[in-house]
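So in this note's numbering, spot 106 of the sequence shown is number 97, and the numbers just go up one at a time.
This report concerns only the one structure given below.
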Amino acid sequence: MKKESIVEITKNQIRKRTTWALILILPYIFSEWHMRAYGLYATMPYLDKLVHFFFGVAVAAIAYLVYFKNRKFALLCTFAFSMTWEIMEIIGDKIIPQSPDLFDIFFFDGVFDIVVALIGAYLTFALLKKKF
C-alpha cells in the first residue's frame, strides 16, 4: 500500500473542503439571485428568511472550512457579515429608496434575519462536523 505524502493529503483535504464549501454556498447564490431577478420579495416576502438562512450557511461554511474547523471564528464571521449586511440595507434604503417589499419596517426584522443566519451557521457546523 502506497503511503500518501503530506502534500497529497493536504491537496485532498483542500479539494474536499472546497467541494463542500461550494455545495453549501450555491443555495444562497441561487436563492438570492432568483428572489431579486423574478421579484419574489414582492410576492413571497417570507422567502427572505430562507435567503438569510442560506447566507448563514454560506458564510459559516467558508469560515469553518478555510480556517480549519474553528467554530467560534465561523460564528463570529457569520454574525459580523450579517450585521454588515443589515447595516448596508438600512444605509441603502436611505440613499437609494427600495421598493416597499424590500423595506425593513421593523428593527426586529433585521435582528430576526441575523438570528436566522446564525441558525443556518449552527446547522452547517453539525453537518460539517460529521464530514470532517
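From the three backbone atoms N, C-alpha and C, an ideal C-beta is built for every residue, glycine too.
Note that this is a predicted model, so its numbers are computed, not measured.
Give the C-beta separation of residue i and residue j to the nearest angstrom, bearing in mind that I take them to be a contact with Cβ-Cβ under 8 Å.
i          : j           : result
residue 51 : residue 116 : 7 Å
residue 19 : residue 49  : 4 Å
residue 31 : residue 41  : That pair is no contact at about 10 Å.
Can you look up residue i in the DSSP assignment and give me helix, strand or coil?
i           : result
residue 30  : coil
residue -8  : Confidence at residue -8 is low in this model, with a pLDDT of 49, below 50, so the placement of that residue should be treated as unreliable; the coordinate-derived value is given next. Residue state, collapsed to three classes: coil.
residue 58  : coil
residue 19  : helix
residue 87  : coil
residue 79  : helix
residue 37  : coil
residue 107 : helix
Pick from the options: whose alpha carbon is nearest that of residue i?
i           : options          : result
residue 45  : 111, 119, 69     : 111
residue 75  : 108, 38, 23, 16  : 108
residue 14  : 56, 1, 36        : 56
residue 58  : 32, 121, 118, 12 : 12
residue 106 : 66, 119, 87      : 66
residue 82  : 101, 41, 68, 70  : 101
residue 72  : 47, 17, 33, 114  : 47
residue 119 : 25, 68, 54       : 54
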